[in-house]
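Beneath this line is the structure, given in structure tokens, with notes to follow.
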Amino acid sequence: MYNFEFVKPSTVAEAVAALKDEGAQALGGGQTLLPTMKQRLASPETLVSLSGIAEMIGVNAAGGTVTIGGATSHAAVAAQAGAYPALAALAGGIGDPAVRNRGTIGGSVANNDPAACYPSAVLASGATVVTNAREIAADDYFQGMFATALEEGEIITAIRFPVPQAANYQKFEQPASRFAMAGVFVAKYADGVRVAVTGAGNDGVFRWAEAEAALSANFSPAAIEGLSLSGDDMIGDVHGSGAYRAHLVKVLTKRAVAACG
Amino acid sequence: MKITMTVNGKTRSGEAEGRTLLVNFLRDTLGLTGTHVGCDTSQCGACVVHVNGQAVKSCTMLAAEADGAQVSTIEGQAAPDGTLNTIQQAFQDHHGLQCGFCTPGMVMSATALLKENPKPTEAEIRHYLEGNICRCTGYHNIVKAIMAASGQDVGAIAAE
């Protein structure tokens with residue numbers, strides 16, 4: 191990887207100032223960015239580590255909301271987000287134990303990898319992405335593969351999840367990479383059910399509106415039996431065709447609903 | 021920049037660039053070559069060390085991020101006289117290695133596992149080792165070794 195200047199601020203304000211430099215890039219846990227830089231697919235002039243900002247680390251549950259600091263590791267979410275069990279379980283299934291000790295929720299959501307787990311939880315929960323400058327609703331945040339509403343130099347300081355009545359995440363792992371071939375997060379709230387799909391869509395994470403309507407009327411696996419997704423809108427690659435992924439999404443949605451009990 | 025960390029209980033310092041990976045700092049700067057680089061893409065786990073008590077892949081962490089940290093490597097696991105610790109001895113007793121390349125990472129991951137889960141089931145051990153790849157053993161003897169190191173009966177583990 192090309193060399194860069196490394197800075198490690200201790201406050202959000204210092205990080206925001208450091209990211210104003212041209213060629214500066216925020217570094218979360220580095221579990222995606224460092225491999226990308228080794229491949230020379232990214233070559234920032236300055237890396238601004240967010241790992242030393244205490245105000246961005248931690249899990250706080252209060253009043254039906256779980257708030258997770260942007261620099262909180264997957265392992266910490268898995269261990270501490272017990273107030274939202276499906277979210278904790280999702281975090282505990284990302285990568286492997288060593289990756290979970292470094293990777294962060296803010297880094298994952300800022301990167302918006304189309305096969306990452308967290309975007310499905312954020313979207314299905316109707317979570318709020320909190321940055322140094324503003325609050326962004328999940329429905330406005332995700333804008334396609336690796337694309338988000340974040341501006342240059344904007345930092346995810348926290349993500350607020352409203353805790354649902356029931357929720358479950360089902361992931362079908364690509365056998366070698368363990369990334370999601372398809373992942374479905376189902377969350378049931380008093381005002382309706384939300385279903386978000388990762389790993390499968392050509393435009394990254396998306397909500398399956400027909401399944402949401404059917405499940406809001408009848409929260410059972412049978413409710414979506416008659417539905418189908420088009421393979422045309424799904425990723426087709428060496429690991430599986432679009433039609434295969436479309437089928438997986440339906441199967442996983444049913445499993446997630448069944449697992450909600 | 022100058023980096024200082026406590027490695028296996030001793031304060032160690034050295035010069036590093038921004039891009040210097042923790043594994044390169046340990047191996048090249050400090051001469052601790054027990055930590056291996058297998059894939060360099062954070063998949064194989066041969067480079068697992070502990071930073072502030074947590075297992076990490078040292079090929080995917082900057083040395084600068086470990087500045088001031090407590091780092092444990094495979095070199096710190098045996099007693100000063102060379103006596104293997106419980107996990108290392110179990111790997112030897114149960115033939116949990118063949119070529120040995122993955123072993124430093126396996127031992128460090130196993131150590132992290134037993135710290136958070138002192139009596140893991142066979143399934144839990146296999147799941148925890150998802151990020152550690154061994155191309156020799158087929159994992160069975162590694163799993164046996166970790167079961168034995170946790171004080172559990174290994175007779176029940178059948179060869180599959």
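Sequence order for the protein chains is A and B.
As numbered in our numbering, residues 191 to 451 make up the first sequence, in order.
As numbered in our numbering, residues 21 to 180 make up the second sequence, in order.
Just so you know, even glycine gets a beta-carbon here, dropped at the ideal spot from N, CA and C.
- In summary, the residues of the segment 107 to 134 of chain B whose CB is separated from some CB of chain A by less than 8 Å are S129, A132, L133, in the order they occur in the chain.
- For V43 (chain B), the nearest beta carbon of chain A is not closer than 7 Å to its own beta carbon.
- Residues of the same chain with a CB within less than 7 Å of the CB of K22 (chain B), apart from the 5 flanking positions on each side, are S33, E35 in chain order.
- When beta bridges are read from the DSSP output, V256 (chain A) appears opposite A:A251, A:F351.
- In the DSSP annotation of this structure, H114 (chain B) is not part of any beta strand (DSSP E), being labelled neither H nor E.
- For A169 (chain B), there are no neighbours in chain A by C-beta distance under 7 Å, as the nearest C-beta there is about 17 Å away.
- Between the alpha carbons of P304 (chain A) and L313 (chain A) lies a distance of about 13 Å.
- Of the residues A:V395, A:D211, A:R368, the one whose Cα lies closest to the Cα of A328 (chain A) is A:V395.
- Counting along the chain, M25 (chain B) sits inside the beta strand (DSSP E) bounded by residues 22 to 27.
- Separation of A377 (chain A) and I247 (chain A) (C-alpha to C-alpha, rounded to the nearest whole angstrom) is 25 Å.
- Going by DSSP, I295 (chain A) is part of the alpha helix (DSSP H) stretching over 295 to 301.
- Taking a Cβ-Cβ cut-off of 9 Å, the neighbours of E150 (chain B) in chain A comprise G285, D286, P287, R368, given in sequence order.
- Scanning its chain for C-beta atoms nearer than 6 Å, with the 5 sequence neighbours on each side dropped, one finds around V71 (chain B) the residues A86, A89, V91, in chain order.
- Interface flag for P199 (chain A) against chain B is unset, since no Cβ pair is found closer than 7 Å.
- Nearest to E144 (chain B) by alpha-carbon distance, out of A:R350, A:L231, A:Y379, A:D286, is A:D286.
- For M191 (chain A), a Cβ of chain B is located within less than 7 Å of the residue's own Cβ.
- Per DSSP, the unbroken alpha helix (DSSP H) holding K135 (chain B) starts and ends at 123 to 136.
- By DSSP's assignment, L41 (chain B) forms a beta bridge with B:L82.
- Counted as a single uninterrupted DSSP element, the stretch harbouring Q74 (chain B) is not any alpha helix (DSSP H) but the beta strand (DSSP E) occupying residues 74 to 77.
- Look at the segment 221 to 238 of chain A: the residues with a C-beta under 8 Å from a C-beta of chain B are Q221, L224, P225, M227, K228, L237.
- Distances from the alpha-carbon of E95 (chain B) to those of B:T53, B:T61, B:L133 put B:T53 closest.
- V353 (chain A) has its alpha-carbon roughly 12 Å from the corresponding atom of A278 (chain A).
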